[in-house]
Amino acid sequence: MERTVTGPQTAASPLPDVSGLLDGLPRQRELPARAPAPTPAAARPSFRPWHLLPTPAGTPFTFAYAALLALTSLVAAWADPALMHTLYQDSSTDVAHLVRTPVLVLLASALWIAGGIVSPYAAAFVLVLTALERRIGGARAACVFLAGHVLATLATEVPVGLAVLFGHLPDTSLHRLDYGISFGVAASIGALSGLLTPWVRWPLLTLVASQLVNDLIAFQDPLTNWGHLIALTLGIAGWPLVRRWRLPAVSPVSV
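Laid out in structure tokens, this is it:
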């Protein structure tokens, strides 16, 4: 028997419109675009004062050389003055010694600091060679220093020898007392300035060059003063080379 359903049929009756009620439900918030992770502090160049000084691991050449210079400065301060005068004479890069034992005196003259450990060149050596070695490595920093020391010495002493040979200077000029690290330091300053940012490079060069020119104008030791300017110029001329030598690692001193 067919049964008849008299009540409302669900299939035929549409559902009530509840779309408006859904607007009251909280919607899922869209997540904002994630900001890029900040660069770790260790990877960003930063200024660390202790990196101005040499260390055995970070700057072995400068550290070892500075220790040797400190030792020879102590010897010079406490040894007998007559003994020190003899040592200085034997280490002098004058024409007479350069003709007889050039390699020995060029190396020996770089073991002493003119003026001792309190000389401005002692402080400049530590700061400049440390910064230079951190940027190009110990062996290359040694090459820059040695090139300035040797080439500036020859550039000042060879003309003296020729002047004596042609009778323009007396024979006593062949025995001039000349020793110290100042030529190597001046060349290192010139080379280092090429690796610095312009706002540090040009004030540094202006300050150093003006001081060297003032020393030359004073005319107290013109041969040495000319050697300082020559060494500084040699360091500047080496900018293309030291820039190719620059280490890929981020410099710990952000200049």
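In the working numbering, the protein residues as written are 1453 to 1707.
For glycine and all other residues, C-beta sits at the position ideal for the given N, C-alpha and C.
Environment of arginine 1696 [buried if 16+ CB atoms lie within 10 Å]: In the sequence shown, counting from the first residue as 1, residue 1696 sits at position 244. By the neighbour-count rule (16 or more Cβ atoms within 10 Å), arginine 1696 is not buried but exposed.
Beta-carbon proximity check, valine 1710 vs valine 1637, cutoff 8 angstroms: Because the chain here runs from 1453 to 1707, residue 1710 falls outside it and cannot be looked at.
Given isoleucine 1688 as reference, the closest of Ala1643, Ile1669 and Pro1655 once Cα atoms are compared: On the sequence shown, residue 1688 is found 236 positions in, with the first residue counted as 1. Nearest option by C-alpha distance: Ala1643.
CB-CB length for leucine 1686 against alanine 1604, believed under 8 angstroms: In the sequence shown, counting from the first residue as 1, residue 1686 sits at position 234. In the sequence shown, counting from the first residue as 1, residue 1604 sits at position 152. Beta-carbon to beta-carbon, leucine 1686 and alanine 1604 are separated by about 7 angstroms, close enough to satisfy the 8 angstroms threshold.
Assigned secondary structure, leucine 1647 (DSSP; H/G/I helix, E/B strand, else coil): Position 195 of the sequence shown holds residue 1647. Reduced to three states, the DSSP call for leucine 1647 is coil.
As assigned by DSSP and simplified to three states, the class of proline 1572: Along the sequence shown, one-based indexing puts residue 1572 at 120. Proline 1572: helix per DSSP, three-state reduction.
Reduced DSSP category for proline 1515 - H, G, I as helix; E, B as strand; rest coil: For this step, residue 1515 is matched to residue 63 along the sequence shown. Per the sequence presented here, residue 1515 reads as phenylalanine, with proline not at that position. Looking at phenylalanine 1515 - three-state DSSP - the assignment turns out to be helix.
Spatial distance of leucine 1526 from valine 1616 (CA atoms): As a first step, residue 1526 is located in the sequence shown; it is residue number 74 there, counting from the start. As a first step, residue 1616 is located in the sequence shown; it is residue number 164 there, counting from the start. Straight-line Cα distance between these residues: approximately 36 angstroms.
Alanine 1562 versus glycine 1590 - alpha carbon distance: Within the sequence shown, residue 1562 is the residue found at index 110, counting from 1. Within the sequence shown, residue 1590 is the residue found at index 138, counting from 1. The straight-line gap from Cα to Cα measures roughly 17 angstroms.
For threonine 1608, the first and last residue of its enclosing alpha helix (DSSP H): For this step, residue 1608 is matched to residue 156 along the sequence shown. Unbroken alpha helix (DSSP H) run through threonine 1608: 1590–1617.
Through-space distance from tryptophan 1530 to isoleucine 1682, alpha-carbon basis: Along the sequence shown, read from residue 1 onward, the residue named residue 1682 stands at position 230. Along the sequence shown, read from residue 1 onward, the residue named residue 1530 stands at position 78. Near 33 angstroms, if we compare the C-alpha coordinates of tryptophan 1530 and isoleucine 1682.
Every unbroken alpha helix (DSSP H) inside the segment 1668–1706 [4 residues or more]: DSSP runs (the alpha helix (DSSP H)) wholly in the segment 1668–1706: 1674–1689 and 1691–1697.
Tryptophan 1654 classed as buried or exposed, judged by whether at least 16 other C-beta atoms fall within 10 angstroms: Residue 1654 sits at position 202 when you count from the first residue of the sequence shown. With fewer than 16 Cβ atoms within 10 Å of its Cβ, tryptophan 1654 is classed as exposed.
Chain-order list of residues whose beta-carbon lies under 6 angstroms from that of serine 1544 (same chain, five-residue window excluded): Position 92 of the sequence shown, counting from 1, holds the residue named residue 1544. Leu1629, Asp1630 and Tyr1631.
Rounded Cβ spacing between leucine 1647 and arginine 1587 (contact assumed at less than 8 angstroms): Numbered from its first residue, the sequence shown carries residue 1647 at position 195. Numbered from its first residue, the sequence shown carries residue 1587 at position 135. The pair is a contact, with the Cβ atoms about 5 angstroms apart (cut-off 8 angstroms).
For aspartate 1667 and serine 1571, the rounded distance between their alpha carbons: For the purposes of this step, residue 1571 is taken as residue 119 along the sequence shown, with counting starting at 1. For the purposes of this step, residue 1667 is taken as residue 215 along the sequence shown, with counting starting at 1. Rounded to whole angstroms, serine 1571 to aspartate 1667 spans 15 angstroms at the Cα level.
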